[in-house]
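**Q** Residue numbers (the working numbering), protein chains in the order written: chain A, -10 to 140; chain B, 865 to 1609. Glycine included, each C-beta is placed from N, C-alpha and C at the ideal position.
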Ligand code: FES
Ligand code: FES
């Protein structure tokens, strides 16, 4: 049994310790907001927070989360009203939407660390998150919008 | 035809009841229908269902894959119905022949049906209004409609749509003569800024895609497919795979045979109770494959053979004047070749589909662009009748043409049938890259003759690429007219002697359509070559473009030098090849980019007609350290009437990134019949830091019929980028990809 806190709730998990967090979330717990896009830490679709830090869930074994706390897109806010989520809706960032959970989770960690990131800091922090639909310019704008709201 | 819907079966399938006003729009008699659809007496392709509680259920029979069709759909109907948007729920249609053609492809969801859809909504409004008029015994003209409420000002009476629905359902529908469409000035949503209905779902991770489907007792399958097209399985050792905890079953897939079409590839499926176990199980398989005739496919050798082939004449497909004679008489000749490799779709969501047998029939959930080919593919694979298959369409995590192919759905259907259990087939990223339906590899040769004054007197275009037809008819190696209309036959030129030739090329992989398809390489060739002619003429490229296109005019078939033009299924009357519109977008985009006052900025320009839209793009590049960065991009699109301007702009922004991707990173090369890339470490995709600082989009204001917007933004990007690079560095980039020249790894 591995004990992990997920979105504020304690879970006793009877899974293999080397199973990546991504599959624990998706297949065992049914938290499907975290996406599979590459399985190799190359696309960012699976981004979650482990004790507040960004990790790629597809390559992070669940054993590393033992006794720690995982936050997924479902747990970022109760009502979906994080400044980033609001900015994402206002600026109509998503196209297909598939990459956007990961984008928002990475951006949320960035804003926590740097409430007012520069363009270069945004580009650097978000470099691990691919968007095949090409929403990058709106992602930049939405992060700025959210950072202004937090002011 | 618009009619009351009484087919209980269809309605109950969508969870809708009768007892209120339900209208269906029959598109079955319309042109461009897929021949596979069943012709019933009445095929309601679109539904409006007004319930007595004053809610409206609207059926959307097209797939949502990032283009925003679901929002556009709601607001388009709300506008012409004068309905309260808040009361409308969108119901995603299952795959059903009754909906007519559901294929979300060819940038067609709005462009093919715009007037019919509006007329349909207006008929519903009129039916409700007439119901009120007859109840109150007043003239219909004395009534007004707003926010789902019909009112009679003089008597201060009003009734909601819900209150009128039953009466409207009983009455005869108003004939077309009594139904009028709103004038442009009265439109409330069409062409205006509207909210994106699904954005909150995407921002909270709640949108359900194909891989998010979970059924009781479901197994997850990951399949080892042949590494080379046509390789068959010789031996399987699955002893190690079976030992992986969670692995439940191992199933041999039926071998594929030519033509490969939408058939599964064969191989071995590992079924497990979670995705990770299935992936590990597959990795543990020991498989021996027989060789395949395609096992020697090698991109470098193939490129050489295409380069040799375009040196010789091909089959004549377009001819005006006498290009050969004019080339001989020319005082200068310019000849250039352009190469574009196989390109990939790589939607962010890899293909996935879930299937289960229910009472001898099959129920499927899939991220499909085309629920009808998904239905037929699934039926064939599971050996059931198509009418016993229901396909539920999930959200699509990107598609770009990949998900209109039914192969992954067929795999799920076969496994559900074979195991008797619900099965989700999950493609890994490696599967997606290595077993794509690749866009055709191509070589283009352009030859132009200039007279002593620098005027272009002859234009010859040779195009070589293995056509998509090869996927459906083994050995097909010559493009059809429908292939060549994409930027070869419909190119407006004011050159007296024009000739286009098709050079045959055979396929060694499954060729498929990718966002804007053959326009990608035709647009790259044409757009680059015109810039090279500007250099030869010592002219500003913008002026060369305008000179070659010539005066504003609609091109006749004889002006073009062709016998016919399939024109993306549209009539030439509604959508002529319009040199004026092509010129128009070039003039507009260069004005927006301040082309004439560019100073030290390095700018590149290209323009292209596709999917009946006209797009011109200007790219600005600059040196940043050892790299060349794309600074700003300007796009002007003339797409006729634009229903949802924000989503049209989003499509242009996405197209810029898509076009930069294919220009800078390309797709895949093949060695020994296999793609040389497998995941995003060796298949590079553009990241946020490579995106332009700004993308400026201009939508030309127009009352013309709508054209496509999902694809036409792509073709001008690569040539505009190459031309900008030439402006900066004085070096031509004729082979894609050219990221290395930009300092990308
Ligand atoms: S799925 Fe984890 S980074 Fe791509
Ligand atoms: S919105 Fe489709 S991949 Fe980012």
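1) For residue 1419(B), which residues does DSSP report across the bridge?
2) For residue 1054(B), decide whether its Cβ has a neighbour in chain A, counting only Cβ atoms nearer than 7 Å.
3) Taking 7 Å as the CB-CB limit, is residue 1(A) close to chain B?
4) For ligand 2, is there a heavy atom less than 6 Å away from the beta-carbon of residue 1212(B)?
5) Among 951(B), 982(B), 1092(B), which has the Cα closest to the Cα of residue 1538(B)?
6) To the nearest angstrom, report how far apart residue 75(A) and residue 1475(B) are at their CA atoms.
7) Below 7 Å between beta carbons: does that hold for residue 1205(B) and residue 1264(B)?
8) List, in chain order, every chain A residue whose beta-carbon is nearer than 7 Å to that of residue 835(B).
9) Please classify residue 1334(B) as buried or exposed, where buried requires at least 16 other C-beta atoms within 10 Å of its C-beta.
10) Taking the continuous alpha helix (DSSP H) assigned at residue 1395(B), which residues delimit it?
11) Between residue 903(B) and chain A, is the shortest Cβ-Cβ distance under 7 Å, so that the two count as touching?
12) Return the chain-ordered ranges of every beta strand (DSSP E) run that is complete within the segment 43 to 74 of chain A and spans a minimum of 3 residues.
13) Could you check whether residue 1413(B) and residue 1447(B) sit closer than 7 Å to each other, using their CB atoms as the reference points?
14) Would you report the Cα separation of residue 1625(B) and residue 1308(B), rounded to the nearest angstrom?
15) When you compare only the Cα positions, how much space is there between residue 899(B) and residue 4(A)?
16) Considering only the alpha carbon of each residue, which of 1038(B), 981(B), 1001(B), 1072(B) lies closest to residue 956(B)?
17) Along the segment 1289 to 1301 of chain B, where does the CB come closer than 7 Å to a CB of chain A? Name the residues.
18) Identify whether residue 1354(B) lies in helix, strand or coil by the three-state DSSP scheme.
19) Taking Cβ positions only, does residue 1206(B) come closer than 7 Å to chain A?
20) List in chain order the residues whose CB is within less than 6 Å of at least one heavy atom of ligand 2.
21) Reducing DSSP to helix, strand and coil, say where residue 1516(B) ends up.
22) If you draw a straight line from the C-alpha of residue 34(A) to the C-alpha of residue 93(A), how long is it?
23) Ligand 1 and residue 25(A): does the residue's C-beta get closer than 6 Å to at least one heavy atom of that ligand?
24) Check the DSSP bridge columns for residue 1478(B) and list the partner residues they point to.
25) If you measure from the CB of residue 45(A), is any heavy atom of ligand 1 nearer than 6 Å?
26) Between the alpha carbons of residue 1479(B) and residue 1499(B), how many angstroms are there, rounded?
27) Look up residue 896(B) in the DSSP assignment and say whether it is helix, strand or coil.
28) Reducing DSSP to helix, strand and coil, say where residue 921(B) ends up.
29) Does chain A have any CB closer than 7 Å to the CB of residue 1384(B)?
30) DSSP three-state label for residue 129(A), please.
31) Looking at C-alpha atoms only, which residue of 1338(B), 1360(B), 1357(B), 1364(B) is the closest neighbour of residue 1347(B)?
32) Going by beta-carbon coordinates alone, are residue 119(A) and residue 1549(B) separated by less than 7 Å?
33) Taking 6 Å as the line, does the beta carbon of residue 1610(B) fall inside it for any heavy atom of ligand 1?
34) For residue 1006(B) and residue 1049(B), what's the separation of their Cα atoms in angstroms?
35) If you pair each beta-carbon of the segment 1143 to 1153 of chain B with each one of the segment 1171 to 1178 of chain B, do three or more pairs fall below 8 Å?
36) Quick check on the DSSP output: what are the complete beta strand (DSSP E) runs of length 3 or more inside the segment 1022 to 1064 of chain B, in order along the chain?
**A** According to the data block:
1) Beta-bridge pairing links residue 1419(B) to 1441(B).
2) Under the 7 Å criterion on CB atoms, residue 1054(B) is classed as non-interfacial with respect to chain A.
3) no
4) yes
5) 1092(B)
6) In this model, residue 75(A) and residue 1475(B) are separated by some 35 Å (Cα to Cα).
7) Between residue 1205(B) and residue 1264(B), the CB-CB gap reaches or exceeds 7 Å.
8) No answer is possible for residue 835(B): it lies beyond the span of chain B, which begins at 865 and ends at 1609.
9) buried
10) Here the alpha helix (DSSP H) through residue 1395(B) covers 1383 to 1401.
11) In this prediction, residue 903(B) has a pLDDT of 27, which is less than 50 and means its spatial position is unreliable; what the coordinates show is noted afterwards. Answer no: the Cβ-Cβ gap between residue 903(B) and chain A never drops below 7 Å.
12) 58 to 60
13) Going by C-beta atoms, residue 1447(B) is nearer than 7 Å to residue 1413(B).
14) A query on residue 1625(B) cannot be resolved here, the shown segment of chain B reaching from 865 to 1609 and no further.
15) For residue 899(B), the predicted model reports a pLDDT of 28, less than 50, meaning its position is unreliable and no value from the coordinates is stated.
16) 1072(B)
17) Cβ contacts with chain A come from 1292, 1293.
18) coil
19) Look at residue 1206(B): its C-beta is not under 7 Å from any C-beta on chain A.
20) 83(A), 84(A), 85(A), 86(A), 87(A), 88(A), 89(A), 120(A), 121(A), 122(A), 124(A), 930(B), 1212(B), 1262(B)
21) In this structure, DSSP gives residue 1516(B) a helical state, which the three-state scheme calls helix.
22) Pairing residue 34(A) with residue 93(A), the inter-Cα distance amounts to about 10 Å.
23) Judged by the Cβ position, residue 25(A) qualifies as a neighbour of ligand 1 at the 6 Å threshold, a heavy atom of the ligand being closer than this.
24) 1473(B), 1502(B)
25) A distance criterion of 6 Å places the beta-carbon of residue 45(A) in contact range of ligand 1, judged by its closest non-hydrogen atom.
26) 7 Å
27) Model confidence at residue 896(B) stands at a pLDDT of 33, short of 50, so the residue's coordinates are unreliable; what they give is reported in the following sentence. The answer is coil: DSSP assigns residue 896(B) none of H, G, I, E or B.
28) strand
29) Taking a beta-carbon distance threshold of 7 Å, residue 1384(B) does not count as an interface residue toward chain A.
30) helix
31) 1364(B)
32) Yes, these two residues count as a Cβ contact at 7 Å.
33) Nothing about residue 1610(B) can be reported from this structure: the residues present for chain B run from 865 to 1609 only.
34) Residue 1006(B) and residue 1049(B) have their C-alpha atoms some 21 Å from each other.
35) These segments do not touch.
36) With a minimum length of 3 residues, no continuous beta strand (DSSP E) run stays inside the segment 1022 to 1064 of chain B.
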